[in-house]
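Residue numbers (my numbering), protein chains in the order written: chain A, 49 to 458; chain B, 17 to 184.
Ideal Cβ positions, reconstructed from N, Cα and C, are used throughout, including at glycine.
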Amino acid sequence: MGTLTEEIFSRRLGRRVQAGDVVVAAVDYAMAHDVTGPLAIEAFRTLNAPLWDPERVILVFDHILPANTVAAAGLHRMIRDFADEFGVRNVFQEGICHQVMVERGFARPGGIIVGADSHSTTYGALGCFSAGMGPTDIAVTFATGKTWFRVPETIRIELRGGLPPGVLAKDLALQVIRRLGAEGANYLAVEWGGEAVAAMTIAQRLTLANLTVDFGGKAGLCEPDEATRAYLGEAEVSDLHPIRPAYRELVEVDAQRLEPQVACPPAIDNVQDLSAVEGIALDEVFVGSCTNGRLEDLAIVAGYFQGRQVSPRTRTIVVPASKEVYLQALAAGYIQTFMEAGAIVMNAGCGPCLGRQHGVLGPGERALSTSNRNYAGRMGSPQAEIYLANPAVAAASALAGAIADPRRVA
Amino acid sequence: MARIFKFADGISTDAIIPGRYNVTTDRAALGKACFVEARPDFSGAAKPGDVIVAGRNFGCGSSREHAPLAIQAAGIGAVIARSFARIFYRNAINIGLPVIQCDQIYDSVSDGDPIEVDVRSGRILTGGRSFGGATPGQVALAIMEAGTLIELIKTRGWAAIEDMSAAR
Ligand code: SF4
Numbered sequence: 049m050g051t052l053t054e055e056i057f058s059r060r061l062g063r064r065v066q067a068g069d070v071v072v073a074a075v076d077y078a079m080a081h082d083v084t085g086p087l088a089i090e091a092f093r094t095l096n097a098p099l100w101d102p103e104r105v106i107l108v109f110d111h112i113l114p115a116n117t118v119a120a121a122g123l124h125r126m127i128r129d130f131a132d133e134f135g136v137r138n139v140f141q142e143g144i145c146h147q148v149m150v151e152r153g154f155a156r157p158g159g160i161i162v163g164a165d166s167h168s169t170t171y172g173a174l175g176c177f178s179a180g181m182g183p184t185d186i187a188v189t190f191a192t193g194k195t196w197f198r199v200p201e202t203i204r205i206e207l208r209g210g211l212p213p214g215v216l217a218k219d220l221a222l223q224v225i226r227r228l229g230a231e232g233a234n235y236l237a238v239e240w241g242g243e244a245v246a247a248m249t250i251a252q253r254l255t256l257a258n259l260t261v262d263f264g265g266k267a268g269l270c271e272p273d274e275a276t277r278a279y280l281g282e283a284e285v286s287d288l289h290p291i292r293p294a295y296r297e298l299v300e301v302d303a304q305r306l307e308p309q310v311a312c313p314p315a316i317d318n319v320q321d322l323s324a325v326e327g328i329a330l331d332e333v334f335v336g337s338c339t340n341g342r343l344e345d346l347a348i349v350a351g352y353f354q355g356r357q358v359s360p361r362t363r364t365i366v367v368p369a370s371k372e373v374y375l376q377a378l379a380a381g382y383i384q385t386f387m388e389a390g391a392i393v394m395n396a397g398c399g400p401c402l403g404r405q406h407g408v409l410g411p412g413e414r415a416l417s418t419s420n421r422n423y424a425g426r427m428g429s430p431q432a433e434i435y436l437a438n439p440a441v442a443a444a445s446a447l448a449g450a451i452a453d454p455r456r457v458a
Numbered sequence: 017m018a019r020i021f022k023f024a025d026g027i028s029t030d031a032i033i034p035g036r037y038n039v040t041t042d043r044a045a046l047g048k049a050c051f052v053e054a055r056p057d058f059s060g061a062a063k064p065g066d067v068i069v070a071g072r073n074f075g076c077g078s079s080r081e082h083a084p085l086a087i088q089a090a091g092i093g094a095v096i097a098r099s100f101a102r103i104f105y106r107n108a109i110n111i112g113l114p115v116i117q118c119d120q121i122y123d124s125v126s127d128g129d130p131i132e133v134d135v136r137s138g139r140i141l142t143g144g145r146s147f148g149g150a151t152p153g154q155v156a157l158a159i160m161e162a163g164t165l166i167e168l169i170k171t172r173g174w175a176a177i178e179d180m181s182a183a184r
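Below, the structure written as structure tokens:
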């Protein structure tokens with residue numbers, strides 16, 4: 049009985065769990081990456097405890113890959129030493145942690161996962177309760193296999209109607225953030241439903257679940273369905289539905305009336321219709337991240353770049369979310385298209401999203417990114433400006449060298 | 017006497033410690049880099065026990081625990097905000113940095129004002145006025161008693177928190 053979140057926790061604990069309950073629950077996996085990992089490992093070592101289960105600890109090198117400074121290389125080394133010492137074999141350097149968690153099959157309907165990264169909400173797209181936590185919480189899970197939760201109440205978001213051309217899952221999420229504000233779902237779970245979600249691919253649902261944390265959500269869930277089953281390649285995916293759920297709030301969005309949305313600097317909830325910001329000149333366009341770096345996103349961009357050149361005054365950087373995505377994009381010819389169009393293609397990982405390695409912005413520069421954060425200083429200089437939009441808008445903007453409407457690319 | 021450092025709404029973990037400065041677990045280095053771009057004089061000016069008073073959604077964004085660690089290492093004794101982003105709030109409690117949610121104080125204080133905070137009761141005294149901040153929940157209280165989450169788990173295990181849920 050209850051919301052997807054209450055259902056998942058009730059099953060896990062073998063008793064009826066309701067929003068507001070404080071529970072200690074066993075988790076399926078605990079993940080950390082190359083930025084949060086070192087703190088988690090240090091905290092874990094102070095516990096003086098054995099590792100709970102080396103098969104259920106996931107370590108991903110993605111934020112600074114390959115290491116760009118001596119300090120970063122030292123931290124990578126420390127993570128590798130930890131993995132060797134405790135027999136952790138799930139160590140990956142093949143893409144963004146969240147994409148890897150999904151591709152490698154760790155995220156499953158009805159599962160519970162904690163990750164030392166805020167966008168761990170992403171796996172909710174498959175009906176998995178997954179929440180981002182800090183390294184200390186993850187360290188305790190490394191030792192015990194458990195964590196504590198205050199089971200959250202849920203905001204249900206009903207996305208009605210079909211998506212018009214040029215409008216993608218990203219725009220629906222940005223529209224919701226525009227309406228609810230940057231802390232609209234703070235401490236709450238979000239359920240994404242309605243016919244627009246039912247019609248979405250898993251890649252699009254991953255975008256919705258991913259962006260849930262950017263308006264404060266603890267988890268962002270989609271009900272598993274046929275598409276989920278097909279994606280996981282299994283006949284059997286345990287039935288999971290909200291059953292007579294009591295929602296804290298119901299939000300309805302009419303997808304049909306939407307135009308592409310752009311989150312303007314310096315906050316995710318400073319969202320405008322695309323038409324309000326068209327023509328703003330850009331120094332960089334970044335296509336990638338755990339929000340929009342999947343094959344479908346790259347396919348959209350390649351479609352616009354085919355036979356065209358990106359603006360020479362704008363750096364256009366494409367970063368596939370994972371090695372898997374990279375290989376598929378290669379096979380489909382997208383990578384060649386990007387390079388022929390004049391874009392820079394970089395290795396799978398977080399890329400310029402967090403301003404720590406390549407693609408860093410200088411003072412006064414403006415970027416348009418398909419990622420999820422536009423705080424001052426996020427991608428480099430605090431005097432740089434970041435606009436967030438969907439991959440079609442990014443593609444059109446890269447061609448124009450300024451924010452542009454993909455529906456008007458001839 | 018402790019003094020106030022006042023911050024606006026929506027202070028992100030990127031503002032508290034930018035990505036380029038958290039490639040370390042060294043507490044002193046993190047403390048030095050606290051607000052390095054958003055408020056470069058901060059780490060030099062903050063004295064042990066000083067207090068941050070901030071607006072809404074303090075600590076939004078990335079889950080980097082480097083953010084509360086940097087604030088703690090800079091000497092800050094407590095953070096008071098109109099509201100906190102969830103992960104920051106939990107991280108701060110886990111490492112023993114007191115966080116107090118209080119809406120009324122924000123408009124009554126200025127940068128540099130003297131302030132006294134009782135982190136256990138949430139009582140705040142400043143400018144001859146007293147404010148009541150929201151006390152943390154049971155779990156946070158248990159962690160505060162132990163000092164950090166690590167200490168709580170080390171000494172009492174999950175039973176410390178499981179007992180609470182059973183008592184509900
Ligand atoms: S792509 Fe960006 S938002 Fe996603 S995990 Fe990497 S740094 Fe974080």
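Unbroken beta strand (DSSP E) stretches of 3 residues or longer found wholly inside the segment 215-260 of chain A: 237-241, given in chain order.
For the segment 78-92 of chain A, the set of positions with a beta-carbon nearer than 7 Å to some beta-carbon of chain B reads V83, T84, P86, L87, E90 and A91 in chain order.
Looking at the backbone, the Cα of G26/B and that of I87/B are separated by about 16 Å.
For T202/A, DSSP records a beta bridge to A237/A. Secondary structure at E54/A: helix, using DSSP grouped into helix, strand and coil. If the five residues before and after R204/A are omitted, its C-beta is found closer than 6 Å to the C-beta atoms of E239, Y295 and L298, all from its own chain and listed in chain order.
Taken through DSSP and simplified to helix, strand or coil, D273/A comes out as coil.
Neighbours of I103/B in chain A, taken as residues at a C-beta separation under 7 Å, are given in chain order as S166, G180, M181 and G182.
A straight-line Cα-Cα distance of about 36 Å links A49/B and R152/A. Residues of chain A with a Cβ closer than 7 Å to the Cβ of S79/B are, in chain order, T84, A164, D165, S166, G180, M181 and G182. Of all residues in the segment 191-203 of chain A, only A191, T192, K194, W196 and R198 place a beta-carbon less than 8 Å from a beta-carbon of chain B. The closest heavy atom of the ligand SF4 lies 6 Å or more from the beta carbon of L157/B.
At a cut-off of 7 Å, the C-beta of G75/B has no neighbouring C-beta in chain A. For L375/A, the closest of V393/A, C398/A, K266/A and R93/A by C-alpha to C-alpha distance is V393/A. Distances from the alpha-carbon of D110/A to those of V83/A, P314/A and G68/A put V83/A closest.
Under the 7 Å criterion on CB atoms, E161/B is classed as non-interfacial with respect to chain A. Residue contact check for D30/B against chain A: a CB pair falls below 7 Å. The DSSP-derived three-state label of L113/B is coil.
Shown here for N110/B: same chain residues with a beta carbon closer than 7 Å to its own, the five before and five after excluded, namely I159, T164 and L165 in chain order.
Among the residues of the segment 125-147 of chain B, none has a Cβ less than 8 Å away from any Cβ of chain A. Here the C-alpha atom of Q141/A lies approximately 30 Å from the C-alpha atom of Y352/A. Distances from the CA of I451/A to each of E413/A, S419/A, V333/A and P368/A were compared; the closest alpha carbon is that of V333/A.
For L95/A, there is no enclosing beta strand (DSSP E); the enclosing alpha helix (DSSP H) has its first and last residue at G85 to L95.
Scanning chain B for C-beta atoms nearer than 7 Å to the C-beta of K371/A yields nothing, as the closest lies near 23 Å away. For P430/A, the nearest beta carbon of chain B is closer than 7 Å to its own beta carbon. Chain A has a Cβ within less than 7 Å of the Cβ of P34/B.
Contact note: R63/A does not reach chain B at a C-beta cutoff of 8 Å; the least C-beta distance is about 10 Å.
Secondary structure note for E344/A: its alpha helix (DSSP H) is the uninterrupted segment L343 to F353. Counting only runs of 3 or more residues that sit fully inside the segment 39-116 of chain B, the beta strand (DSSP E) segments are 67-70 and 94-97, in chain order. Taking the Cβ of L402/A as the reference point, at least one heavy atom of the ligand SF4 falls within a distance shorter than 6 Å.
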